[in-house]
Amino acid sequence: MFRAASLSLAPADFVAIMGESGVGKSTLLHIIAGLERPDAGHMTFRDQSLDLLDDDARTLLRRRHMGFVFQAFHLIPQLTVEENIALPWRLNALPRHDMRPRIGTLAERLGISKRLSAWPRELSGGEMQRVAVARAVVHRPALILADEPTGSLDAESAETVLDLLRESGEAEGAAILLVTHSPTAAGRARRRLRFDAQGFHPL
Amino acid sequence: MITRIPWQAAVWRPLRHRPGASVLGVIGIALGVALGLAITLINIQAVSDFSAGLRRLSGQADLTLTAPGRGFSQQWYARLSLAKGVAVAAPEIRLQAPVLYPTGRGVLHILGIDLFQATRMGQPLVPLALHDPLALLAPNHIVLSPAALSHLGLRVGDVLTLETEGHATTLRIIGVLPGVRDGGSFGVMDIAAVQWLWGRLGTLNQVDLRLRSGESAGDFQARWRGRLPAGAVLQSPAQQGRVAADASRAYRVNLLVLSLVALFTGAFLVYSILAMGVVRQRQQLALLRVLGLRRGEVVLAVLLQGAVLGLPGALLGLPLGVLVAWLALAHMGGDLGAGYFSTAALHLQWHPELMLIFFGAGWGAALMGAFLPAWETSQAIPALALRAGAEEQGHQQRQHPWVGLLLLVLAVAGACAPAIHGMPYLAYGAIACLLFALLFLLAPLLRWLTRLVPMPHAPIWRLTLEQLRGSPGRAAHSLAAVVVAFSLVVAMAVMVDSFRDSVAHWLMDILRADLYVQAGASGDSVLPRGAAEQFCGLPAVRACSPLRRVLLNLLPGRPPVMLLARGMDPAHPGRELQILRAAPVGPRQPPPVWISEILAGISGWHAGQVIHLPLGGQEHAATIAGVYRDYAYQEGSVSMPIQQYRAWSGDDAINDVALWLRPGAVIPAVIRDLRRGVPEGGQLLIATPKQIRRKSLRIFNQSFVATYALEAVAMVIGLLGVSSGFGAQTLMRRNEFAMLRHLGLRRRDLLALLFAEGSLLSLFGILIGGALGMAISLILIHVVNPQSFHWHMGFHPSWRLLSTLGILLWLTSTATMMWAGRRTLRSDRTVIHDD
Chain L
15 MFRAASLSLA
25 PADFVAIMGE
35 SGVGKSTLLH
45 IIAGLERPDA
55 GHMTFRDQSL
65 DLLDDDARTL
75 LRRRHMGFVF
85 QAFHLIPQLT
95 VEENIALPWR
105 LNALPRHDMR
115 PRIGTLAERL
125 GISKRLSAWP
135 RELSGGEMQR
145 VAVARAVVHR
155 PALILADEPT
165 GSLDAESAET
175 VLDLLRESGE
185 AEGAAILLVT
195 HSPTAAGRAR
205 RRLRFDAQGF
215 HPL
Chain X
41 MITRIPWQAA
51 VWRPLRHRPG
61 ASVLGVIGIA
71 LGVALGLAIT
81 LINIQAVSDF
91 SAGLRRLSGQ
101 ADLTLTAPGR
111 GFSQQWYARL
121 SLAKGVAVAA
131 PEIRLQAPVL
141 YPTGRGVLHI
151 LGIDLFQATR
161 MGQPLVPLAL
171 HDPLALLAPN
181 HIVLSPAALS
191 HLGLRVGDVL
201 TLETEGHATT
211 LRIIGVLPGV
221 RDGGSFGVMD
231 IAAVQWLWGR
241 LGTLNQVDLR
251 LRSGESAGDF
261 QARWRGRLPA
271 GAVLQSPAQQ
281 GRVAADASRA
291 YRVNLLVLSL
301 VALFTGAFLV
311 YSILAMGVVR
321 QRQQLALLRV
331 LGLRRGEVVL
341 AVLLQGAVLG
351 LPGALLGLPL
361 GVLVAWLALA
371 HMGGDLGAGY
381 FSTAALHLQW
391 HPELMLIFFG
401 AGWGAALMGA
411 FLPAWETSQA
421 IPALALRAGA
431 EEQGHQQRQH
441 PWVGLLLLVL
451 AVAGACAPAI
461 HGMPYLAYGA
471 IACLLFALLF
481 LLAPLLRWLT
491 RLVPMPHAPI
501 WRLTLEQLRG
511 SPGRAAHSLA
521 AVVVAFSLVV
531 AMAVMVDSFR
541 DSVAHWLMDI
551 LRADLYVQAG
561 ASGDSVLPRG
571 AAEQFCGLPA
581 VRACSPLRRV
591 LLNLLPGRPP
601 VMLLARGMDP
611 AHPGRELQIL
621 RAAPVGPRQP
631 PPVWISEILA
641 GISGWHAGQV
651 IHLPLGGQEH
661 AATIAGVYRD
671 YAYQEGSVSM
681 PIQQYRAWSG
691 DDAINDVALW
701 LRPGAVIPAV
711 IRDLRRGVPE
721 GGQLLIATPK
731 QIRRKSLRIF
741 NQSFVATYAL
751 EAVAMVIGLL
761 GVSSGFGAQT
771 LMRRNEFAML
781 RHLGLRRRDL
791 LALLFAEGSL
801 LSLFGILIGG
811 ALGMAISLIL
821 IHVVNPQSFH
831 WHMGFHPSWR
841 LLSTLGILLW
851 LTSTATMMWA
861 GRRTLRSDRT
871 VIHDD
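So the protein lines, in turn, are chains L and X.
For the record, in the first sequence the residue sitting at position 175 is 189 according to our numbering, with numbers rising by one throughout.
For the record, in the second sequence the residue sitting at position 99 is 139 according to our numbering, with numbers rising by one throughout.
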């Protein structure tokens with residue numbers, strides 16, 4: 015699909031990747047997340063080579079240090095907004111007494127504090143993506159992977175979500191890797207790269 | 041370690057989100073546990089009651105010498121009383137007597153005891169509670185058990201008339217037996233009175249022995265081995281109990297396996313529900329994987345869903361099972377009408393260990409049902425599962441036809457394997473393999489079947505067929521439970537029909553006379569002396585054949601075998617018996633006898649072999665001239681010419697006579713003449729072959745009531761699976777239906793689509809289930825049955841019954857699918873949602 019792609023991310027970095035459909039942007043995110051293995055090459059995360067880890071170890075690494083935002087939100091419909099946001103916190107068995115204040119702060123910052131007890135089906139698209147952003151950052155990951163997070167949103171909601179994503183990244187010191195087709199969305203990033211079969215090219 | 045959120049997100053909420061399906065899963069497991077537990081409780085109760093009955097009758101005996109039928113000479117009592125090591129010996133005689141008054145009460149078991157010796161032995165049946173215990177010594181006095189009093193509708197002080205050797209004898213009831221809380225319906229009399237009244241002077245059926253302290257029962261048995269009367273066995277009460285338990289073991293194990301059918305179908309229901317559920321959860325589970333849930337944790341989460349369904353199901357099933365057992369015991373008896381145990385009414389006892397086992401079995405069945413969906417879900421690639429259309433991928437994923445084919449090969453191997461310890465365990469394994477193979481082959485089979493159907497022109501039917509061809513995996517999930525249930529119903533129906541047909545043919549073949557005269561309702565009843573000759577001499581009678589039935593102890597560790605001495609021509613045994621295998625008997629060989637295929641199976645004897653029959657106090661050599669079919673005696677039978685029997689035994693009594701009438705004879709008039717010919721002729725049981733066949737088949741049908749009940753429950757569980765599966769499927773396809781509405785399909789078109797899918801799927805399910813059922817029935821008929829019971833039957837499925845069952849299932853299944861679909865479409869959702 016692609017070769018010679020080389021990329022390094024520093025803490026609090028915000029990189030946008032653009033490219034044509036089918037070039038492998040999502041696959042790249044999956045490889046970075048440890049969900050798929052590359053045919054060749056290496057992926058190092060926090061001084062650990064992902065190639066040497068088995069599925070369980072990669073899963074634990076992902077659980078602890080990564081956050082995800084998807085175009086289709088992927089909220090769990092049977093869980094309330096608060097429970098959806100709390101998922102990574104609980105999966106990581108972080109201290110319970112800190113969880114509610116943390117979710118409260120995030121919800122306040124993202125403007126969904128009044129929707130915490132709502133069900134996903136009761137939310138608008140923009141609200142659902144804010145919840146997804148909150149879920150991605152709640153456990154203070156080192157890396158946030160965002161795959162077309164604004165693809166399903168109107169322009170105004172998209173602006174808000176991108177602002178929130180960047181603010182959250184900066185506030186938590188997390189690196190953000192944003193895959194998008196939208197030049198506007200890419201414009202929010204500190205670095206912008208075009209991705210094709212030969213690898214990354216600065217924009 | 042699974043954390044709280046995955047429990048909510050991956051286990052509890054998904055189940056709560058589908059309350060209908062979850063409740064059906066719970067019900068399926070509860071019904072399975074209830075039936076399995078009920079049947080096991082009834083079995084245990086019947087056998088333990090039998091053992092308790094033996095202990096009651098044998099008192100404190102260390103050893104018991106027993107012989108059935110005419111028993112052995114009373115001299116053996118004297119000999120054993122004086123034997124070294126014996127502290128106390130108590131003689132007994134047992135028989136059955138037809139009850140003449142009150143009328144219509146069948147037969148009463150009579151036990152004749154020596155009051156003084158029985159007291160020394162400590163028999164709890166000794167009626168010491170009587171005002172005057174010695175009153176029992178009077179020949180016209182009897183003491184009845186509470187069950188007998190209740191059955192006869194009499195009270196202490198009333199009189200009772202019994203048939204004794206063709207005469208009526210009136211006895212006074214002088215008391216109620218102590219130590220008989222439940223069960224046995226019988227009376228106790230003085231041994232001398234019984235011997236006198238029933239012409240059994242000088243004979244006994246049993247001698248109980250209590251040994252001196254320090255004398256070992258084993259040593260005593262060894263010392264007397266080979267010195268006992270012919271046909272008698274010396275056993276401890278525990279050994280007697282084991283013989284009884286072994287004799288009914290095959291029956292009980294088969295019934296238990298049958299009872300597990302419902303639980304098995306319940307497991308398939310859980311499979312169906314969870315398989316459908318995890319397909320719906322596919323994206324959520326994939327998301328959890330992306331967020332950091334490990335593969336093993338996903339498996340655990342789905343297994344926990346099974347456990348959550350199984351726990352309340354198994355718990356509910358326990359009290360339900362106890363209730364069913366209680367009702368069955370109260371109304372059908374310990375053998376559910378099959379005739380293995382003679383106790384009249386049994387009382388349920390508390391078996392906590394059994395409860396625990398069935399609780400575990402129910403829970404285990406639910407986990408078993410959850411395992412495959414769990415394993416397959418864990419194999420999904422999260423990145424792919426998150427994409428749109430993931431549900432359809434989930435349906436398509438679980439197709440491993442090679443596993444199904446491997447299971448089919450194992451099934452063939454299991455069906456060809458021999459029995460283990462006399463039980464067809466590997467054949468049962470073969471049936472399980474066939475059923476599990478279905479899980480892996482159902483989708484490919486559905487695809488193949490849909491391709492056989494020509495593509496119709498009607499758009500709805502065309503769309504339906506295209507859907508089924510494109511997504512057989514989805515249909516397979518809905519159908520799994522009902523296909524399994526139907527296959528088991530077909531298998532049972534074919535087996536029972538084949539058995540019934542074989543019995544009917546056999547009865548037709550052996551009942552060749554015009555009339556059959558039996559001395560009385562009791563198997564022990566004999567005709568008055570000279571009565572048989574008198575019957576044969578009637579002007580309307582062209583020919584006659586007497587029959588003498590005697591129980592013999594032929595095989596160590598087995599219950600007695602029935603010896604049938606009949607008026608038969610040794611040169612033409614086929615006139616009386618349905619001969620299966622024969623061997624010529626030379627003039628220098630011992631006289632010929634014929635054995636039933638059951639006895640051949642149990643003993644391993646074969647045609648041409650010489651055996652020894654204990655008759656007249658001696659062992660007589662006889663050659664097995666052939667093996668015949670006999671469905672009447674479950675422990676086997678031996679047939680021989682009555683002249684030879686009389687020569688060896690000295691017993692010229694006759695139980696039955698078969699009569700061939702002259703042309704033009706009027707049967708009612710002949711019956712009147714027969715009854716007039718002997719005293720108490722009204723007690724004779726006289727029947728035409730047609731009446732005997734009808735009665736036999738009625739008893740046959742009754743004995744399969746439990747089977748029919750189990751089949752019905754399995755079908756209900758299967759239909760629950762259809763309902764939940766199809767309902768879930770419709771729910772998952774709401775976007776598809778909304779899209780079809782956008783394309784211009786009316787609501788009623790969608791309902792027509794549901795009907796088309798439901799009816800086609802049901803039809804395919806019936807075809808596949810029917811074929812699988814036939815395969816299972818072949819294993820049951822040709823492997824399980826001969827290995828368990830040692831008799832064979834033909835393969836005679838009733839196509840009419842099977843067609844009726846198929847149509848019934850087609851209607852109920854289609855209706856269930858329509859109902860589930862309509863319910864889901866009630867919201868009339870016409871908006872497509874991408875999320």
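Glycine residues also receive a C-beta, built at the ideal position from the N, C-alpha and C atoms.
Bear in mind that the values here come from a model prediction, so they are computed numbers and not experimental data.
Residue contact check for residue 88 of chain L against chain X: a CB pair falls below 8 Å. Under DSSP, residue 227 of chain X shares a beta bridge with X/150 and X/184. Following the DSSP letters along the chain, one finds residue 726 of chain X in no alpha helix (DSSP H) but inside the beta strand (DSSP E) bounded by residues 725-727. The straight-line gap separating the alpha-carbon atoms of residue 237 of chain X and residue 721 of chain X is approximately 18 Å. Taking a beta-carbon distance threshold of 8 Å, residue 323 of chain X counts as an interface residue toward chain L. Using a CB distance cut-off of 8 Å, residue 44 of chain L counts as an interface residue toward chain X. In terms of Cα proximity to residue 34 of chain L, the closest of L/194, L/91 and L/19 is L/194. With contact defined as three or more Cβ pairs closer than 8 Å, the stretch 595-606 of chain X and the stretch 677-695 of chain X are in contact.
Ranked by how close their Cα comes to the Cα of residue 764 of chain X, the residues X/62, X/471, X/50 and X/342 have X/62 in first place.
In the three-state DSSP reduction, residue 781 of chain X falls in the helix class (H, G or I). Annotation: residue 62 of chain L has no Cβ neighbours in chain X at a cutoff of 9 Å; minimum Cβ distance is about 15 Å.
Counting only residues of its own chain and dropping the five nearest sequence neighbours on each side, residue 682 of chain X has a CB closer than 7 Å to the CB of 586, 588, 605, 606 and 607. Under a criterion of Cβ atoms nearer than 8 Å, the residues of chain X adjacent to residue 102 of chain L are, in order, 331 and 332. Against chain X, the CB of residue 164 of chain L has no partner CB under 8 Å away; the residue lies outside that interface.
Look at residue 215 of chain X here: in three-state DSSP terms it is strand. Against residue 76 of chain L, the close residues of chain X are 330, 331 and 332, in the order they occur along the chain (beta-carbon pairs closer than 8 Å). Under a 10 Å Cβ-count criterion, residue 473 of chain X is classified as buried, with 16 or more other Cβ atoms of the shown protein chains found around its own Cβ.
Annotation: residue 81 of chain L is outside any alpha helix (DSSP H); the continuous beta strand (DSSP E) that includes it extends over 80-84. Those residues of the stretch 177-206 of chain L placed with their C-beta closer than 8 Å to a C-beta in chain X do not exist. Residue 830 of chain X has its alpha-carbon roughly 34 Å from the corresponding atom of residue 849 of chain X.
In this structure, residue 103 of chain X lies near residue 261 of chain X, with their beta-carbon atoms less than 8 Å apart. Among the bridge pairs identified by DSSP, residue 211 of chain L is matched with none. In the DSSP assignment, residue 264 of chain X falls within the unbroken alpha helix (DSSP H) covering 257-264.
Nearest to residue 457 of chain X by alpha-carbon distance, out of X/446, X/469 and X/740, is X/469. The alpha-carbon separation between residue 521 of chain X and residue 353 of chain X amounts to approximately 17 Å. According to the DSSP assignment, residue 161 of chain X belongs to the alpha helix (DSSP H) that extends over 155-161. Under DSSP, the beta-bridge partners assigned to residue 200 of chain X are X/211. Listed as beta-bridge partners of residue 659 of chain X by DSSP are X/654. Contact between residue 72 of chain X and residue 242 of chain X is absent: CB atoms are separated by about 57 Å, not below the 8 Å threshold.
Look at the stretch 500-567 of chain X and you find these whole runs of alpha helix (DSSP H), each 4 residues long or longer: 512-550.
Listed in chain order, the beta strand (DSSP E) runs fully inside the stretch 150-201 of chain L are 157-161 and 189-193, counting runs of at least 3 residues. Counting of Cβ neighbours within 10 angstroms places residue 449 of chain X among the exposed residues, the total staying below 16.
From the listed residues X/639, X/695 and X/650, the smallest Cα separation to residue 671 of chain X is found for X/639.
Of the candidates X/162, X/507 and X/360, X/507 places its Cα closest to the Cα of residue 776 of chain X. With distances taken between CA atoms, residue 359 of chain X lies nearest to X/78 out of X/233, X/78, X/410 and X/109. Judged by their CB atoms, residue 149 of chain X and residue 157 of chain X are not nearer to each other than the 8 Å cut-off.
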